[in-house]
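Residue 1 is where the sequence shown starts when you use full-length UniProt numbering, and the numbers rise one by one after that.
Note that CB positions come from ideal geometry on N, CA and C, so glycine has one too.
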Amino acid sequence: MAVVPSTALALPTPELLDPPEPKGHLRALEEEAEKLKGAIAETLKQFGVQAEVVGHARGPSVTRYELLPAPGEKISRIQSLQNDLARALAVGAVRIEAPIPGKHTVGLEVPNPKRELVRFSEAVLSPSFQNAKALLPLVLGKSIEGEIWVRDLAKMPHLLIAGSTGSGKSVAINVLIASLLFKHLPTHLRLLLIDPKMVELTPYEGIPHLVRPVVTSPEEAAGVLQGAVAHMERRYRLMSQVGARNLEQYNAKMEKEGGETLPYLVIVVDELADLMMTAPKEVEAAILRLAQMARATGMHLILATQRPSVDILTSLIKVNIPARLAFAVASGFDSRTILDTQGAEKLIGQGDALFHQPGLTKPVRLQVPYLSEEEVARLAGYLRGQSFEDRFAEAYGADFEPPKAPEGTGPGEVDFSDPLLKKAAEIVVEEGYGSVSRLQRRLSIGHARAGKLMDALEAMGIVGPPRAPNPGRSSSPRSNSRTSSASVLSWPLVEMVPGGRWVAEIYGCDLDVLENPKMVEAALLDAVMRLGAPKGSAQSVVYKFHPQGLSAAVVSPVAAVMIHTWPEDNASATLDLYFYRDGVDPEEVLKGLSRAFGAKEESAFRYWRGTEHAIRRRGFTDHQGG
């Protein structure tokens, strides 16, 4: 569909979008619903539940059948039959809403045999969107009753989105962005897009609404969010100067006095987990400050993640972002994490969602419209062809640039503050070898920064000094052999043995254990014995403390266990096992360590077999404790 963009600013038109889908044959759909009514009534009768099917409402993805329990019949009995009803109706899962808000009936939501495709154009052309009085209207989806839900982001005032892969989360983000673009020129709305995955939001690169290019680096994103906080504070100062309490009052005064107005600013983050794992303290602090204070300045957040775990969606983030859009997740626990209630684990994917915000008694089930990649490309292309005098960027664009890295530390000083330090340690431990050039390639950073990371890793005891002076500076982790083990330090060789290696990262640990050297050593000592070390042969040491935690190891002639702790980074730790005896179960050993440290969740274990490891026995000259 060819739509020629205008160089002057103009709102997009529905002609850019694929047309709405034709409706299905109503009579056939009703016959199908009547058959299912009979099957539901028969199943309830078989289990002795007295309830009548009194009506139904067909939505795009599911049909809700209304059940009226007989007097004295407990709703809990109907709820207990969810799996039996799903089996009887030959569907994957059903969801029970008890009761339906505003009614005396129980809702039984059953997936439709054939789903109705709700296109974004249908929502754009609907009266709900066309007549919306919202400042920042968002198309959320089509309800079971057939209503297009449009809600005001300015009133939410921030939105949290979560859902597993394939649930429709990414399409929903595009729908939300497109909703704003169809209603606002860049003079009234600006976007700050953060996309660590580098695929979902980059199609919008170059549109005039962006305050800066799409941010794709997690490390850069932390600085950009801090810049957004500074910009928010700058807006507060401007508002204070004219006695305005919010952006609407400020802009009204500016229009009256002939001054420069400020646009709304929506910050979209996809994927939040990548940012929280890179710089959790900085990212969480910036998000919390924006969530708590940005509303009055016309700044709003849309945060998305496919990992609705408690280390990503912390309690502080959730409490400050009460509006939630949940897509299909793996478990009831994940559903409670995002919605504070179960239900999202019963969703059927492909845009099937539950929306909740303050004022709603229960989450509302919606089918998020479909917006194809081609439609996004047409929309972005149309906007990209427009130009205007961007006074906002001239005045405030520098606010959204990440702070420049410090010129360097003083002579002999080591910088432990780099947010990439933990990732660099994981790379070196995983590969058994570290170099400036390798860190440059793996982390996409410059030579100077990679060199500082190597200095920090050496100071922490994770790598040894360079083997020889050369421009590419390389180090094996505490060894003179590139093929030696990645974490068993600089102990002299006793023997080279064929063995195995397991590595895991655990997080959410008990800080009382993680920060206690004696308890750390005790846990590692037990692990080495379980890996087959003869009694009395193990030697332990807490050999290095560093600003971000400690590193410890327990070694025997046949096995070794090492840990690097990061208490301030989600209370996490990296575990390394080396062994060569048959008959041991390293996965169980790692799980035992995870339990010993009180970890909330385990990472996927990475396994190497048949490598050679240097294992040694002797005293330690640089140890502390142990």
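For alanine 377, there is no enclosing beta strand (DSSP E); the enclosing alpha helix (DSSP H) has its first and last residue at 373–384. With a beta-carbon spacing of about 7 Å, leucine 9 and proline 186 fall inside the 8 Å limit used to define contacts. Inclusion of alanine 88 and alanine 39 in the CB contact set at 8 Å is warranted, their separation being smaller than that value. The three-state secondary structure of methionine 198, taken from DSSP, is coil. Annotated three-state conformation of proline 280 is helix, per DSSP. Distances from the alpha-carbon of alanine 90 to those of Cys509, Asn112, Arg77 and Val53 put Asn112 closest. For the pair of segments examined, the segment 44–53 was found not to touch the segment 120–140: the number of CB pairs separated by less than 8 Å stays below three. Under the 10 Å beta carbon count, proline 19 is surrounded by fewer than 16 other beta carbons and is classified as exposed.
As the crow flies, the alpha-carbon of glycine 168 is around 18 Å from that of serine 309. Three or more beta-carbon pairs separated by less than 8 Å link the segment 294–304 to the segment 143–157, which places the two stretches in contact.
Of the candidates Glu588, Thr105, Val329 and Ala285, the residue whose Cα lies closest to the Cα of threonine 314 is Ala285. In the three-state scheme derived from DSSP, where H, G and I count as helix and E and B as strand, aspartate 334 is classed as helix. A direct Cα-Cα distance of roughly 16 Å separates glycine 381 from valine 214. When DSSP assignments are scanned along the segment 194–262, no uninterrupted stretch of beta strand (DSSP E) that is 3 or more residues long falls wholly within it.
The beta carbons of valine 319 and alanine 172 sit no closer together than 8 Å. Under the three-state reduction of DSSP output, alanine 450 falls in the helix class.
According to the DSSP assignment, glycine 38 belongs to the alpha helix (DSSP H) that extends over 26–46. By the CB criterion at 8 Å, isoleucine 287 and isoleucine 312 fall outside the cutoff. With respect to the 8 Å criterion, alanine 425 and glutamine 440 are not classified as neighbours on the basis of their beta carbons.
Taking every protein chain shown into account, the CB of valine 329 has 16 or more other CB atoms within 10 angstroms, so this residue is buried. Here glycine 583 is exposed: its Cβ has fewer than 16 other Cβ atoms, across all protein chains shown, within 10 Å. Taking the C-beta atoms as reference points, leucine 265 is found nearer than 8 Å to leucine 192.
Annotated as distal: leucine 67 and threonine 13, with beta-carbon spacing of 8 Å or more. The Cβ atoms of alanine 523 and alanine 559 lie no closer than 8 Å to each other. In the three-state DSSP reduction, serine 143 falls in the strand class (E or B).
Taking C-beta atoms under 8 Å as the contact rule, valine 364 and serine 143 qualify, at a distance of about 6 Å.
In this model, glutamate 122 and alanine 178 are separated by some 13 Å (Cα to Cα).
For the pair of segments examined, the segment 348–356 was found to touch the segment 323–340: the number of CB pairs separated by less than 8 Å reaches three. Fully enclosed alpha helix (DSSP H) runs of no fewer than 4 residues occupy 315–320 and 332–339 of the segment 291–342, in order along the chain.
In the DSSP assignment, leucine 514 falls within the unbroken alpha helix (DSSP H) covering 511–514. Of the residues Lys423, Asp334, Val555 and Phe400, the one whose Cα lies closest to the Cα of leucine 531 is Val555. By the criterion of a C-beta distance shorter than 6 Å, methionine 454 is surrounded in its chain by Val436, once the five residues flanking it on both sides are discounted. Excluding five sequence positions before and after glycine 598, the CB atoms of its chain that fall closer than 7 Å to its own CB belong to Cys509, Asp510 and Val513, given in chain order. Where methionine 562 is concerned, the enclosing beta strand (DSSP E) starts and stops at 559–566.
Here the alpha carbon of glycine 166 sits roughly 48 Å from the alpha carbon of glycine 243. Under the DSSP definition of a beta bridge, isoleucine 161 partners with Ala304 and Leu325.
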